[in-house]
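Read through the structure below, which is laid out as structure tokens, and then see the notes.
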Amino acid sequence: MSHPLRTIRDIRESLPEDQRRHFDAELADTEIEALPKMLHRWVTLSNDGFEQFLLSRPFEGLEFGARSYDEQTDTE
């Protein structure tokens with residue numbers, strides 16, 4: 260599967276500003292041999308879509324005040 264983020268610049272630009280500082284710090288301290296693993300982890304974090312999912316419809320389908328066990332009947 261081809262990934263849209265192809266360069267370190269692409270990875271940086273896909274991150275929010277506060278995460279860029281963490282990325283830069285980790286990049287500066289990562290040994291050459293460990294770069295592929297480190298970059299893969301950041302690509303996954305930057306492109307997992309979770310933030311977009313939360314921002315798209317954060318409360319759709321949620322019923323506030325209810326607990327998952329409220330509807331359970333006593334089976335004992």
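Each residue of the sequence shown is one higher than the last, beginning at 260 in the working numbering. The beta carbon of each residue, even a glycine, is placed where N, CA and C say it ideally should be.
DSSP, read as helix, strand or coil, puts threonine 266 in coil. Leucine 298 sits in a helix when the DSSP states are folded into three classes.
Sequence-distant Cβ neighbours of leucine 274 in its own chain, meaning closer than 7 Å and more than five residues away, are Phe282, Ser305. In the DSSP annotation of this structure, the continuous segment of the alpha helix (DSSP H) that includes alanine 287 starts and ends at 276-288. Straight through space, the alpha carbons of glutamate 276 and leucine 294 are spaced by roughly 21 Å.
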